[in-house]
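*Asks:* Pasting in a structure now, in structure tokens, and then I'll have a few things to ask.
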Amino acid sequence: MLRDYVMRLVEQVAKLLVNIAGKRAAGLHEEARQELDALCMEHVGLTLAFVKRTSPEGVAQALESAGALRHARAVLLSDLLTLDAEISEDIGRAAETTVARLHAFCLLADSMPMLSTDEQATYQPKLDRLAESLSALSGNSYVQSKLLLHRSADV
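Residue numbering for the sequence shown follows the numbering used here, starting at 163 and increasing by one per position.
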């Protein structure tokens, strides 16, 4: 039953993300961001602003109240943050891009062991792209520790 609920949620959100991506492609960045934030609040229970000003560990702690849905919400939030990072990159906000990608990476990396084999096959390339996008920050000890955890989980 939980699995069915999660699958319906994923399908519903996927349609909304396509709509948001269309707004991004049309250059309607502010509208896309507003829809992303509303989607985040509705389905995750957190605002993107809260997520981006909180540490990845703090976000994980905030998601713990979701119980069995914690990992589904973390993966969804990772997708929302990835799209938010792309919008930030489009409008030249490098710091926001990095913060969103770091959060997306941490959420997805922490959730990977809980995903089914099929879901892991879908999300592993996304996780790898996020890791690659953060590799330029490997001089930062915090980012480096997150990337090292990811690499050690791959072997």
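Cβ coordinates follow ideal geometry from the N, Cα and C atoms, glycine included.
Would you kindly check if the distance between the Cβ of Asp252 and the Cβ of Ser186 is under 8 Å?
*Replies:* According to the sequence as given, residue 186 is Arg; it is not Ser. The answer is yes: Cβ separation under 8 Å.
*Asks:* What are the start and end residues of the alpha helix (DSSP H) that includes Val140?
*Replies:* For the chain, the structure presents residues 163 to 317; residue 140 sits outside this window and is missing.
*Asks:* Using the three-state DSSP reduction, which class does Ser273 fall into: helix, strand or coil?
*Replies:* Correct three-state label for Ser273: helix.
*Asks:* With Leu225 and Leu210 assumed to form a contact (beta carbons below 8 Å), what rounded beta-carbon distance in angstroms separates them?
*Replies:* Going by Cβ atoms, the distance from Leu225 to Leu210 rounds to 14 Å, so no, they are not a contact pair.
*Asks:* What's the call for Ser240, buried or exposed, on a 16-neighbour Cβ count within 10 Å?
*Replies:* Label assigned to Ser240: buried.
*Asks:* Please identify the residue among Ala200, Thr259, Ser250 and His233 whose C-alpha is closest to the C-alpha of Met274.
*Replies:* It is His233.
*Asks:* Within the continuous alpha helix (DSSP H) that includes Gly301, where are the two ends?
*Replies:* Per DSSP, Gly301 belongs to no alpha helix (DSSP H) and is neither H nor E.
*Asks:* What's the call for Asp290, buried or exposed, on a 16-neighbour Cβ count within 10 Å?
*Replies:* Under this definition Asp290 is an exposed residue.
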